[in-house]
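To start, the structure itself, in structure tokens.
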Ligand SMILES: NC(=O)C1=CN([C@@H]2O[C@H](COP(=O)(O)OP(=O)(O)OC[C@H]3O[C@@H](n4cnc5c(N)ncnc54)[C@H](OP(=O)(O)O)[C@@H]3O)[C@@H](O)[C@H]2O)[C@H](O)CC1
Ligand SMILES: [K+]
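Residue numbers (full-length UniProt numbering): 1 to 512.
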């Protein structure tokens, strides 16, 4: 699913109006009906009580006025508070005229802000995508007044005061909504942690916007939903054998951190790899062999950490990092791996696919000269702190996305920035936000599991790099969601994610 800017969204509205031969008031009616449908599913008229709709002067306010009429007609008690302005949009005026006289309407003033008793259901229809500057004066006072009340707040399209795709100055007034109900496509602002307290839970309602326009409009931002990965995993041919799905090599573990190697290996096996060999420090040999009997194991001559790079000829992908530690000898292993993976051979004309995680990322961060050795299409999986060590501290979440995009294009690699909406940056500068996963996955070992899935799908001969990474991230989150059904979020551990990778991949397997 694409994510568009506010300006593109306005153009999308116009394209829809022209293509479908409807008026802008009819499109507004669709938006208001979709909103009212969502609201009435959520709250019946008893639960809702008297609903207060705060309406601004533009089309967001117009949506609010239309919603007030539809809610009144559906038997809800409503009252409307209008934000005074010099001019109102044409569709606002149309919906103001359509509002039944039985609906109480008041104009807000600085000294006469609407009373909002604790628990009141408030619809925020002050500003949406037309916000052109931070709120101040009366508008800011209304928002602060609302945020102080113990109200239940549902925002139409965007919480008022929030820009759709840019940061607002610190301390500016922004509505804190429990729910945001938007139309057609999600907005970039919904996906960033710094906006979580404003946006609340967000929902996107279909209002029949022009598919042609969406298809033809270029954007760097994408949202990976179920439709984006449906059928992405090729079916396993009947006459396949273990060689068909690749042989992966995992370099992982150090004394006290063998669990990370075991988890990554388990995830790689559950991710459908044909064969897996793990290279582990001497102290981890028994641990690994006993915990992962399906994998092969090469012990390093060093007891506590990795010091040697095995020959790479037999492998279709290599993962390095989980539980690795940062010993000097291990840094040498990483440098050698980057150099050898980049070399083309007769059997392998393109670089050997690599997945770099955890301490291997920290080694890259502390030896940045290694970055120029990264083979094309290498996958890096930092969390925000690890990413900062590779680049610089970000001013805010929007700046972090810029740094992410710049890093992926400069180094021609795929960077998976882990978080609630894990963001995959591609060498061409696209950003793909993942839709699956839950807060239960914020637990030790989750990242090691992701590395294992990535390794399996990168070793898969039929999956190009981008598809393999997008699918891995989606399936990892989905496995976490399936696991949480049984464990709850608090009870979820990384091993539960491993056990649900198979069912998650089965969901996205192509049917023939
Ligand atoms: N497809 C859809 O998504 C649909 C969306 N709809 C709704 O329309 C709004 C966007 O409507 P628009 O009229 O473009 O914009 P707003 O309602 O957000 O606000 C514009 C007016 O607000 C003034 N403004 C802007 N910033 C401020 C500010 N900081 N303080 C005070 N006033 C402000 C602006 O004035 P200007 O001076 O900037 O010109 C306008 O008067 C979208 O969000 C949806 O809710 C449609 O219903 C159709 C489908
Ligand atoms: K709003």
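Just so you know, even glycine gets a beta-carbon here, dropped at the ideal spot from N, CA and C.
All values reported here derive from a predicted model rather than from experimental measurement.
Cutoff 7 Å; reference residue 110; Cβ partners in own chain excluding five residues on either side: Taken in chain order, the residues that qualify are 138, 141.
Spatially closest choice to residue 13 from 212, 412, 175, by CA coordinates: With distances taken between Cα atoms, residue 13 lies closest to 212.
Proximity winner among 481, 222, 199, 359, relative to residue 423 (alpha-carbon distances): If we check each option's Cα against that of residue 423, 222 comes out closest.
Check whether residue 155 and residue 199 have beta carbons under 9 Å apart: Yes. Within cutoff.
Closer than 8 Å: residue 175 CB and nearest ligand 2 heavy atom: At least one heavy atom of ligand 2 is nearer than 8 Å to the Cβ of residue 175, so yes.
Among 329, 354, 328, 330, the one whose alpha carbon lies nearest that of residue 340: Residue 354 is the option with its Cα nearest to residue 340.
Any non-hydrogen atom of ligand 1 within 8 Å of residue 207 CB: Yes - ligand 1 has a heavy atom lying nearer than 8 Å to the Cβ of residue 207.
Which residues DSSP lists as bridging residue 476, in chain order: As computed with DSSP, residue 476 is found in no beta bridge at all.
Beta-carbon contacts of residue 150 that lie in its chain and below 8 Å, excluding the five residues immediately before and after: Within the same chain, residue 150 has close Cβ partners 118, 119.
Alpha carbon of residue 170 to alpha carbon of residue 491, nearest angstrom: Those two C-alpha atoms are separated by around 36 Å.
Option nearest residue 277 by Cα separation, candidates 311, 307, 302, 301: For the residues 311, 307, 302, 301, the minimum Cα distance to residue 277 belongs to 311.
Pick from 417, 427, 397, 180 that is closest to residue 357, judged by C-alpha positions: Closest by C-alpha distance to residue 357, out of 417, 427, 397, 180, is 417.
Minimum length 3: unbroken beta strand (DSSP E) runs contained in the segment 110-197: Runs found: 121-125, 152-156, 179-183.
Ligand 1 heavy atom lying under 8 Å from the CB of residue 91: At least one heavy atom of ligand 1 is nearer than 8 Å to the Cβ of residue 91, so yes.
Near ligand 2: residue 501 beta-carbon under 8 Å from a heavy atom: The answer is no for residue 501.
Status (buried if at least 16 other CB within 10 Å, exposed otherwise) for residue 29: Residue 29 is classed as buried because its beta carbon has at least 16 other beta carbons within 10 Å across all chains shown.
Validate contact between the segment 94-104 and the segment 68-75 using beta carbons, cut 8 Å, 3 pairs: Touching, yes.
Local conformation of residue 437 per DSSP, three classes: DSSP, reduced to helix, strand and coil, places residue 437 outside both helices and strands of the structure shown, so it counts as coil.
Beta-carbon spacing of residue 501, residue 479 below 9 Å: If you check the CB distance, residue 501 and residue 479 come in under 9 Å.
Three CB pairs or more closer than 8 Å across the segment 231-249 and the segment 424-444: Cβ pair count under 8 Å is below three, so no.
For residue 297, the first and last residue of its enclosing beta strand (DSSP E): Residue 297: member of the beta strand (DSSP E) spanning 296-299, first to last residue.
Beta-carbon proximity check, residue 445 vs residue 494, cutoff 9 Å: In this structure, residue 494 lies closer than 9 Å to residue 445 by Cβ.
Exposure of residue 325, with buried meaning 16 or more beta-carbon neighbours within 10 Å: The residue in question, residue 325, is buried, as its Cβ has 16 or more Cβ neighbours within 10 Å.
Distance, residue 18 Cα to residue 561 Cα: This structure does not reach residue 561, given that the chain is present from 1 up to 512, and the question cannot be answered.
Cβ contact check for the segment 87-98 and the segment 58-68: 3 or more pairs under 8 Å: Between the segment 87-98 and the segment 58-68 there are three or more C-beta pairs closer than 8 Å, enough to call the two in contact.
Backbone secondary structure at residue 236 - three-state DSSP: In the structure shown, residue 236 falls within a coil segment according to DSSP collapsed to helix, strand and coil.
Coarse secondary structure for residue 42, derived from DSSP in three states: Residue 42 carries a helical assignment under DSSP once its states are collapsed to helix, strand and coil.
Three-state class that DSSP yields for residue 265 in the structure shown: Helix.
Beta-carbon gap between residue 274 and residue 238 smaller than 9 Å: With respect to residue 238, residue 274 sits apart: the two C-beta atoms are not nearer than 9 Å.
Secondary structure of residue 415, DSSP reduced to three states: Residue 415: strand per DSSP, three-state reduction.
Alpha-carbon to alpha-carbon, residue 269 and residue 497: The straight-line gap separating the alpha-carbon atoms of residue 497 and residue 269 is approximately 13 Å.
Any 3 or more C-beta pairs closer than 8 Å across the segment 319-336 and the segment 362-373: Output reads yes: the segment 362-373 touches the segment 319-336.
Unbroken stretches of the alpha helix (DSSP H), 4 residues or longer, contained in the segment 267-353: Runs found: 285-291, 328-342.
Spatial distance of residue 288 from residue 457 (CA atoms): Approximately 22 Å, taken between the alpha carbons.
For residue 128 and residue 60, the rounded distance between their alpha carbons: Their Cα atoms are separated by approximately 5 Å.
Span of the beta strand (DSSP E) around residue 54: Its beta strand (DSSP E) spans residues 51-55.
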